[in-house]
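Novice:
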Amino acid sequence: EGIGPQEYTGVKMEVIEWSAAAQKALEGKLGGRKVYLVAATLRPETMYGQTNCFVGTAINYGVFAANDKEAYVCTQRAARNMTFQGIFDVRGQVNQLAELEGSVIIGAKIKAPFSVYPEVYVLPMDNVLPTKGTGVVTSVPSDSPDDYATLMDLRKKAEYYKIDPAWTAFDPVPVLSTPAYGEMSAPALVKQLKIASQKDVKQLADAKELAYKEGFYNGTMSVGEFKGEPVQEAKGKVRTSMIKDGVAFAYAE
Ligand code: A2H
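Structure, rendered in structure tokens:
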């Protein structure tokens with residue numbers, strides 16, 4: 271995190287099925303709009319490998335009208351930023367339709383655009399910061415050590431985390447390869463740095479840095495439209511392609 275704005279890609283994950291609790295909270299409030307969780311990512315080139323999405327169980331999310339047809343789930347903070355970036359139909363205005371605690375979003379079935387898994391589930395992550403991005407994190411366990419460590423925690427302790435094991439059934443898939451870490455950098459680094467869980471935040475920060483640098487400078491795409499191309503080139507192309515398809519938008523903070 272240097273000086274100047276972070277250029278995120280806001281990935282639109284359409285909700286196909288809510289939990290009963292969320293459904294009740296939303297009843298009569300959506301005006302017929304489709305609802306999307308909006309995940310903020312700095313690695314759009316990895317979206318082929320999404321296996322789930324993460325929210326913080328204690329974070330308060332809003333459901334915000336983007337226009338007459340769509341509503342976005344994110345933090346209030348992110349919605350305010352979005353409206354000043356022209357992402358909502360009335361610039362400067364925030365139209366909140368409903369409020370959802372993260373815990374009731376868990377288990378929602380959502381679309382994961384560009385992923386080899388078209389439909390995935392929302393799962394809990396301890397380290398989601400309410401002050402960064404949208405508060406929604408799409409999970410790519412092949413290339414994000416945080417995502418991989420969390421997914422492994424959830425698989426080991428489904429009952430403790432109050433989740434259905436079936437929601438964690440999507441295995442990491444190769445998205446890009448690097449000389450240093452092979453086809454899946456996150457599992458390789460988690461093993462190499464002896465990371466035991468999502469609680470190992472210090473080692474995870476080191477792993478994240480190593481994975482990011484190696485992927486960006488030495489990575490080659492293994493899947494998708496830009497297979498065989500350097501990550502450095504594919505990064506912007508995947509982003510543009512997602513935006514063109516209407517499944518993502520530029521979001522900065
Ligand atoms: B990244 P930076 Cl494959 N709390 O997307 C915690 N983490 C958050 C967040 C929040 N509120 N909002 C976004 N993030 C994550 C993909 C990815 C990401 C890969 C590898 C590394 C990686 C899939 N998850 O991040 O502090 C999001 O995860 C490491 C750079 O602004 C987002 O990009 O640099 C990244 O952290 C933004 O973190």
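For the sequence shown, the positions run 271 to 523 when UniProt numbering is used. For every residue, glycine included, the Cβ atom is placed at its ideal position computed from N, Cα and C.
(1) Just checking Pro489 against the ligand A2H - is the residue's beta carbon closer than 8 Å to any of the ligand's heavy atoms?
(2) Can you tell me the Cα-Cα spacing of Val460 and Tyr418, whole angstroms?
(3) Of the residues Ser289, Lys299, Ala382, Met422, which one's Cα is nearest the Cα of Met395?
(4) Which residue spans inside the stretch 310-393 form an unbroken beta strand (DSSP E) run of at least 3?
(5) If you draw a straight line from the C-alpha of Ala456 to the C-alpha of Arg303, how long is it?
(6) Comparing C-alpha positions only, which one of Lys472, Lys497, Phe384 sits nearest to Met512?
(7) Please identify the residue among Ala439, Glu484, Phe440 whose C-alpha is closest to the C-alpha of Ser447.
(8) For the beta strand (DSSP E) that Gly287 lies in, which residues bound it at each end?
(9) Do you know whose CA, among Met283, Lys299, Glu315, lies nearest Phe486's CA?
(10) Taking its Cβ as the centre, do 16 or more other Cβ atoms sit within 10 Å of Ala348, making it buried, or is it exposed?
(11) Does the ligand A2H have even one heavy atom less than 8 Å from the beta-carbon of Asn397?
(12) What residues match up with Gly455 in a beta bridge as DSSP calls it?
(13) Which residues in the same chain as Gln414 place their Cβ atom closer than 8 Å to its Cβ, once the five residues preceding and following it in sequence are excluded?
(14) Please work out which residues of its chain come closer than 6 Å, Cβ to Cβ, to Pro449, disregarding the five sequence neighbours upstream and downstream, and give them in chain order.
(15) Straight-line CA distance for Glu389 to Trp437?
(16) Count the other CB atoms within 10 Å of the CB of Ala522; is the residue buried (16 or more) or exposed (fewer)?
(17) Thinking C-beta only, is Cys344 closer than 9 Å to Gly326?
(18) Tell me whether Arg361 counts as near the ligand A2H, meaning its Cβ is closer than 8 Å to at least one heavy atom of that ligand.
Specialist: So, from the data block:
(1) Against the sequence shown, residue 489 aligns to sequence position 219. Residue identity differs from the one stated: residue 489 is Gly in this sequence, not Pro. No - the ligand A2H has no heavy atom lying nearer than 8 Å to the Cβ of Gly489.
(2) Within the sequence shown, residue 460 is the residue found at index 190, counting from 1. Within the sequence shown, residue 418 is the residue found at index 148, counting from 1. Whole-angstrom Cα-Cα distance: 8 Å.
(3) Residue 395 sits at position 125 when you count from the first residue of the sequence shown. When each option's Cα is compared against that of Met395, the closest is Met422.
(4) Whole beta strand (DSSP E) segments, 3+ residues: 322-325, 330-335, 340-344, 366-371, 379-381.
(5) Start at 1 with the first residue of the sequence shown, and residue 456 comes out as number 186. Start at 1 with the first residue of the sequence shown, and residue 303 comes out as number 33. Rounded to the nearest angstrom, the two C-alpha atoms are 37 Å apart.
(6) Working through the sequence shown from its first residue, we reach residue 512 at position 242. Checking every option, the nearest Cα to that of Met512 belongs to Phe384.
(7) Translated into positions along the sequence shown, residue 447 becomes position 177. Of the candidates Ala439, Glu484, Phe440, the one whose C-alpha sits nearest the C-alpha of Ser447 is Glu484.
(8) Taking the sequence shown and counting its residues from 1, one reaches residue 287 at position 17. The sequence shown places Glu at residue 287, rather than the Gly named in the question. Annotation for Glu287: the continuous beta strand (DSSP E) segment containing it runs 277-287.
(9) Taking the sequence shown and counting its residues from 1, the one referred to as residue 486 is at position 216. That would be Glu315, whose Cα lies nearest to the Cα of Phe486.
(10) Looking up residue 348 in the sequence shown gives position 78. The residue in question, Ala348, is buried, as its Cβ has 16 or more Cβ neighbours within 10 Å.
(11) Taking the first residue of the sequence shown as 1, we reach residue 397 at position 127. Within the chosen limit of 8 Å, the ligand A2H reaches the beta carbon of Asn397 through at least one heavy atom.
(12) To locate residue 455, count along the sequence shown from 1; it is residue 185. The amino acid at residue 455 is misidentified as Gly; the sequence shows Ser. For Ser455, DSSP assigns no beta-bridge partner whatsoever.
(13) Your numbering for residue 414 matches position 144 in the sequence shown. Checking the displayed sequence, the identity of residue 414 turns out to be Ser instead of Gln. The beta carbon of Ser414 is closer than 8 Å to those of Arg313, Thr316, Ala456, Lys478, Ala481 in its chain, skipping five residues each way along the sequence.
(14) Position 179 of the sequence shown holds residue 449. Leaving aside the five residues that flank Pro449 on each side, the residues in its chain whose CB is nearer than 6 Å to its CB run, in chain order, Asn488.
(15) Here residue 389 refers to the residue found at position 119 when the sequence shown is read from its first residue. Here residue 437 refers to the residue found at position 167 when the sequence shown is read from its first residue. If you draw a straight line from the Cα of Glu389 to the Cα of Trp437, it comes to about 10 Å.
(16) To locate residue 522, count along the sequence shown from 1; it is residue 252. With fewer than 16 other Cβ atoms within 10 Å, it is exposed.
(17) Locating residue 326 in the sequence shown gives position 56, where the first residue counts as 1. Locating residue 344 in the sequence shown gives position 74, where the first residue counts as 1. No; because the gap between Cβ atoms is not below 9 Å, this pair is not in contact.
(18) As a working mapping, residue 361 is identified with position 91 in the sequence shown. Outside the cutoff, so no.
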